[in-house]
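Residue 251 in full-length UniProt numbering sits at position 251 of the sequence shown, with consecutive numbering throughout.
Idealized CB from N, CA, C, for every residue including glycine.
In what follows, a single structure is set out as structure tokens and then discussed.
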Amino acid sequence: MALEQFSDVVQRCQHIQDENFSPADFDVFRTAGTSCIEQGHGAHVLSVVIDERNKSIVRCMGWNLLGPLVKVLLKKEEKNLHHCHAIFCHLLQVCSPKELLVGLLEQVEEADPDAVAETITLLLTPLQTVLLKLGKRKSSSLGMTLSTVLSQVSKLPVPQSREQEEDDVFGLCRCCTSLSRFIQPFVEEIKENIQERRISRDDELRVEILKFCMKSLSEPLLDVQLKDPDTLKTSPLRDFATDVLVSLCSIGESLLDLLSHNIMRKRNIPGFLEEEVRYPTESLASLAHLLFVHHIAVDLFPAVLSPVFVLQCNMEYVELLLSRTEESRLQKGLELYEKTLVRVEDSSLPCDLLELKSFLNVPQNMVKVMTLCPLQDVRIKGLAVFQLSIDKFNTEAKYKFFRCMLKTSEHAGVEGFIIKNIKNQIDLALKPGHENDWFLGKHLLPLLRQVLSLPQGPETDLLQNLDRIMESLNLLRYLLIRDKERQNETGIWSELCTIEENYLKPLRTGLNMSRAHYEAELKSTKEKSSSSSSAESKTTTCTVTVGNDTLPNMTPDMQLQVLQSALYTFDLIESVLARIEEIAKAKGET
């Protein structure tokens, strides 16, 4: 039936002048032709398509057969494959490029979710052929094609291991390799036009390739964890990243200008919004990571730039990456920050940089990474990079940075870490040849007052603020032992009475209050435990409220352990506090 309908419509249309085919003719040609292909009659359809008498019919209607042909080509069934491939190639040569483009893009958009990669790799070469036929009118069509393909590529999972990339289990590697080949003729055309000075910055074809490169940098490359050549000698994803950066340079983009775009755009440049859209910050962050972490296309980047300038360029990208929650973004933010910092000389960054927004925002993002990220490896890495960033500031910058972090971090562990750094800086300043005005004398005292304080006075939760309290007490004990009263280089002895009144006394009061409260809770829990059977005490759960906080449901035995542990902690604070009072008293009597 389908064969008869297909033959009839073709014969009827042979006698129609000037290609005035009716909608009904188009409909019958499509439905009957599709049925023929699906039923395995590819040989008959091929004979009709290549018949010279049917050339005008095929030119106008042939693209309607793309759908069933693509399905056969994807299934690769031997019986009908050869004929369908021949039909497909003939249509590419005969049909209108515009109609072919629409038909091929429909197949990409409607690709089966399980066959996205196969569809893209099959159709990119035909799409390239069709686009090249459009000549100078191809720019907008190229942009539409790249946008459609990339939206489908973004749906493919990213390989997480070397084995997954080698096996290309998700098809992303094949797609990226095909995309690299697909854009090459267009990149070469732009390159030639640039060399012959026949192109402007706003040339439409150049802009479409630029948009493709920027999009590729954010998806999929920003999600990809590239493997080192030592780990994976042949990496399609690494090759794709290289091709993207090389293509950017080929179409007249400077990697240096792109990297410093966030600095340059703050100048009064016309078309600011357009520039912002054309160069997305996320894409530039990916570019920076590829350059400085993986050294991709680094030979196209100037090697004489100041490390401080590179740091300034990268800080906004680090800020963006560390503000995200995805593991891949956080990892890349830390890697980019680390690789940028290691190039900077220790103790060289001036305090002027702290006036830049990103130099204040990045530490706040680092605090979130170190304290909130569920992955321990990332938290540990974050702490190491945070310390590295501190080491790069000069003495004045360190001082101001510490003051800022103590005021804004709102996390006892981070505050304890900062106080430990303050102690190290004071220790260095007390050594001959390392004296400075920031960690000795009058500048140090305001910092010490900030360190030796309780957030809520005697009502401060000592357990929650344990890290800060212990580090501040250790710092005070160190100062009283290390700095001789006669020399008083740090000024600690001049400030001791104020410290005792404003810090040590409230701390002791809070310690006594907390100890009494926990001892009462411990006694109450023991009484409840002893009044119930031993079997029940091991299985029954109940709640205990300490201060304003309710402990999670646990057995009485577990609650006893928690309460006893708190009392041990108070003993630890008490021992250091007593030692400080002992040292102060002994020094006062000499």
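Check for me: the alpha helix (DSSP H) holding residue i runs from which residue to which?
i           : result
residue 591 : Outside the displayed range of the chain (1 to 590) lies residue 591, so it cannot be described from this structure.
Thr490      : Note, Thr490: premise wrong, no alpha helix (DSSP H); not H, not E.
His434      : No alpha helix (DSSP H) contains His434, which DSSP labels as neither H nor E.
Asp467      : Leu466 to Arg482
Thr325      : Run containing Thr325: none; DSSP gives neither H nor E here.
Asn193      : Leu172 to Gln195
His85       : Glu78 to Val94
Lys71       : Leu66 to Lys75
Ile37       : Pro23 to Glu38
Glu282      : Thr281 to Phe292
Leu127      : Val116 to Lys133
Ile209      : Glu204 to Ser218
Arg162      : Arg162 to Asp167
Ile57       : Lys55 to Met61
Glu4        : Ala2 to Cys13
Leu105      : Pro97 to Glu109
Leu237      : Pro236 to Ser250
residue 591 : Within the shown structure, residues of the chain are numbered from 1 to 590, placing residue 591 beyond reach of any answer.
Gln456      : Careful: Gln456 lies outside any alpha helix (DSSP H) and carries neither H nor E.
Leu359      : A small correction: the amino acid at residue 359 is Phe; Leu does not occupy that position in the sequence shown. Element bounds for Phe359: Lys357 to Leu372.
Asp257      : Leu255 to Leu259
Val149      : Ser139 to Val153
From the DSSP output, which residues share a beta bridge with residue i?
i      : result
Phe439 : Partner(s): none; Phe439 has no beta bridge.
Pro349 : Note that residue 349 is Leu in the sequence shown, not Pro. Note: Leu349 sits in a beta bridge opposite Phe393.
How long is the line joining the alpha carbons of residue i and residue j, rounded to whole angstroms?
i           : j      : result
Leu473      : Ser514 : 18 Å
Gln376      : Leu142 : 45 Å
Leu273      : His261 : Unreliable placement is indicated for Leu273, whose pLDDT of 45 sits below 50; the coordinate value is still reported in the next sentence. C-alpha separation (whole angstroms): 13 Å.
Ala241      : Ala86  : 35 Å
Cys213      : Tyr279 : 10 Å
Pro68       : Leu322 : 47 Å
Val45       : Ser147 : 33 Å
Glu574      : His517 : 16 Å
residue 612 : Ala412 : Any answer about residue 612 is impossible in this case: the structure gives the chain only from 1 up to 590.
Arg329      : Leu406 : 27 Å
Arg53       : Leu74  : 30 Å
Arg238      : Lys227 : 8 Å
Phe359      : Leu172 : 36 Å
Leu300      : Leu222 : 20 Å
Leu577      : Leu504 : 8 Å
Leu353      : Tyr337 : 15 Å
Val362      : Val293 : 18 Å
Arg477      : Ile580 : 5 Å
Ile199      : Pro350 : 43 Å
Leu112      : Lys71  : The question names Leu, but residue 112 in the sequence shown is Asp. If you take the alpha carbons of Asp112 and Lys71, they lie about 10 Å apart.
Glu118      : Gln364 : 44 Å
Thr569      : Val246 : 59 Å
Thr340      : Asn314 : 8 Å
Glu282      : Val244 : 15 Å
Ser537      : Asp557 : Summary for Ser537: the model assigns pLDDT 47, below 50, so the residue's position carries little reliability; its value from the coordinates is reported in the next sentence. If I take the Cα positions, the gap works out to 7 Å.
According to the neighbour-count rule (16 or more other Cβ atoms, all chains shown, within 10 Å of its Cβ), is residue i buried or exposed?
i      : result
Ala535 : Low confidence applies to Ala535: its pLDDT is 48, below 50, so where it sits in the model is not reliable enough to give any reading.
Glu527 : exposed
Thr539 : Note that Thr539 scores 49 on pLDDT, short of 50, meaning its location in the model is unreliable; the coordinates nonetheless yield the value given after this. Exposed, since its Cβ has fewer than 16 Cβ neighbours within 10 Å.
Glu582 : exposed
Gly271 : The pLDDT assigned to Gly271 is 47, lower than 50, so where the model puts this residue is not dependable, and the model offers no usable value.
Cys497 : exposed
Ile16  : exposed
Thr125 : exposed
Phe309 : exposed
Gly135 : exposed
Cys60  : buried
Gly42  : buried
Gly382 : buried
Gln561 : exposed
Ser409 : buried
Cys84  : buried
Output yes if chain B places a C-beta closer than 8 Å to the C-beta of residue i; else output no.
i      : result
Leu375 : Absent here is chain B; the protein component of the structure consists of one chain.
Using a threshold of 7 Å, is the CB atom of residue i nearer than that to any non-hydrogen atom of the ligand MN?
i      : result
Pro458 : The ligand MN is absent from the structure shown, which contains no ligands of any kind.
At a cut of 8 Å, does the segment 395-412 reach the segment 337-346 through at least three beta carbon pairs? no
Pairing CB atoms from the segment 180-200 with CB atoms from the segment 157-166, are three or more of them under 8 Å? The segment 180-200 is not in contact with the segment 157-166.
Using a Cβ distance threshold of 8 Å, determine whether the segment 424-434 contacts the segment 450-468, with at least three qualifying pairs required. no
Inter-stretch contact at 8 Å, needing at least 3 Cβ pairs: the segment 29-41 / the segment 59-68: yes
Are the segment 88-104 and the segment 126-134 touching, with three or more C-beta to C-beta distances below 8 Å? yes
Tell me whether the segment 241-258 and the segment 201-212 touch, counting them as touching only if at least three CB pairs, one residue from each stretch, are closer than 8 Å. yes
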